[in-house]
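Quick note, the sequences are listed as chains A and B, same order.
According to my numbering, the first sequence is numbered sequentially starting from 177.
According to my numbering, the second sequence is numbered sequentially starting from 177.
Just so you know, even glycine gets a beta-carbon here, dropped at the ideal spot from N, CA and C.
2 protein chains.
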Amino acid sequence: MNIEEFLQLCAGKWFAHRTSHDFANNKSEEGKSEIIVENLPVEHPEVVKICQHYQIQPNPISFGAKFNWNDTTKLNQKNVGSTVVVLVPDADNPHQGKLLHQFPPGGGKQIAGRYEMGSDEALTLITESDTIYSEERLWFASPNLRMRVSVTKVNGDFTTTAFTSEIRMGVPPAAKTSQAA
Amino acid sequence: MNIEEFLQLCAGKWFAHRTSHDFANNKSEEGKSEIIVENLPVEHPEVVKICQHYQIQPNPISFGAKFNWNDTTKLNQKNVGSTVVVLVPDADNPHQGKLLHQFPPGGGKQIAGRYEMGSDEALTLITESDTIYSEERLWFASPNLRMRVSVTKVNGDFTTTAFTSEIRMGVPPAAKTSQAA
């Protein structure tokens, strides 16, 4: 699976069950969410705008993805939102490249992150701002079960880990047909 | 990091925080544990016994590891136990090989599992019995923070996922010195 196939498989509606482990307070927190992932073409206005903001020239193999969420915490608090990320593969190796966030994590200074698609078909996303470092690893246990684990460091210290099991609601997207077909 | 270095880094005492997501019942369960991991040499009686049981000849680059746990569930139930696993690298590629369990998961028929060390330094362990398929992925966020995620299928259906954050209690083991030194 290459990065393009991975992102295509991400598209769709998911039911997410998330647990975070907070080291400082030795406790965990749970949440549930509906997440809709849409792939955006490189010429999409939001993708273009983000690339301009980071002063990075997207290449034809860049991808955008929009994440829409509808969260419910254990205390029944609601949180609805969306964000866009852009992946700009390195010209010489599309298995890795830049990761551009629409909004910086934690509100700090925006720094382009990076992604890497491992040989074991796990996608690692690394994001940094002034004070926050976040590393997220995603993979598919099956086309309909996505796993996501993140670690966060604040000012160099690990503060939380989080685990999300995501189950597809509805059918997976059709496999991309060969353009030569 | 190769498989040997990975296992050496696993050795030690860990505080584990575990959460499982149960799909059938749409709920999660939490537990905490102290885990002690000891590496066992290939000539250790327990390693020899397991290899004999599976009728697999260990090679000089095989490894054994003993896991001792002391669990506390959220309901304060205690569970103390230990098990041994043996990794027998493939002769032509030590990044993958056989995974032998002392006891079969779920009490079913014992089938040799397999392991694979990914280019992203994550170790994947796959274990099967008659009815249960389990896939676990482990990696180090740092030498003192290990992450572990598993998925379990029973009779072909995903039933649970589990996430464990493990923090080292005490100092990491000293790096192995070269035998030639």
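- Under the three-state reduction of DSSP, L301/A is assigned to strand.
- Burial is judged here by how many other beta carbons sit within 10 angstroms of a residue's own beta carbon; M323/A has at least 16 and is buried.
- Under a criterion of Cβ atoms nearer than 8 Å, the residues of chain B adjacent to G294/A are, in order, G294, S295, D296 and A298.
- Boundaries of the beta strand (DSSP E) harbouring P265/A: K254 to D266, taken from the DSSP string.
- Judged by DSSP in its simplified three-state form, F239/B adopts strand.
- For chain B, the residues of the region 304 to 329 of chain A that bring a beta carbon within less than 8 Å of one of its beta carbons are E311, R313, W315, A317, S318, L321, M323, V325 and V327, in chain order.
- Runs of the alpha helix (DSSP H) lying entirely within the region 183 to 233 of chain A and spanning at least 4 residues, in chain order: 221 to 229.
- Rounded to the nearest whole angstrom, the CA to CA distance from N178/B to K254/A is 44 Å.
- Residues of chain B with a Cβ closer than 9 Å to the Cβ of F182/A do not exist, since the nearest Cβ in that chain sits about 14 Å away.
- Residue-level contact check: I343/B touches chain A, since one or more beta carbons of chain A fall below 8 Å from its beta carbon.
- For A338/A, the uninterrupted beta strand (DSSP E) segment begins and ends at D333 to R344.
- Relative to E312/A, the option among D296/A, F182/A, E292/A and W245/A whose CA is nearest is E292/A.
- Assigned with DSSP and collapsed to three states, I287/B falls in coil, not helix or strand.
- The beta carbon of T195/B lies closer than 6 Å to those of S204, E206 and F339 in the same chain, with the five residues before and after it left out.
- At a cut-off of 8 Å between C-beta atoms, T259/B does not count as an interface residue with respect to chain A.
- Taking a contact as a CB-CB distance under 8 Å, the pair S295/A and G294/B counts as one, their CB atoms being some 6 Å apart.
- Distance between I308/A and V223/B, taken at the CA atoms: about 44 Å.
- Across the region 213 to 225 of chain A, no CB contact with chain B closer than 8 Å is found for any residue.
- Between the region 259 to 278 of chain B and the region 232 to 242 of chain B there are three or more C-beta pairs closer than 8 Å, enough to call the two in contact.
- Using a Cβ-Cβ cut-off of 8 Å, S204/B counts as an interface residue toward chain A, since at least one Cβ of chain A sits closer than that to its own.
- Cβ neighbours of M345/B within its own chain (closer than 8 Å, five residues either side excluded): G188, K189, W190, F191 and E210.
- Taking each of N215/A, E297/A, V327/A and I287/A in turn and checking the Cα distance to D306/A, the smallest one comes out for I287/A.
- For F316/A, the enclosing beta strand (DSSP E) starts and ends at I308 to S318.
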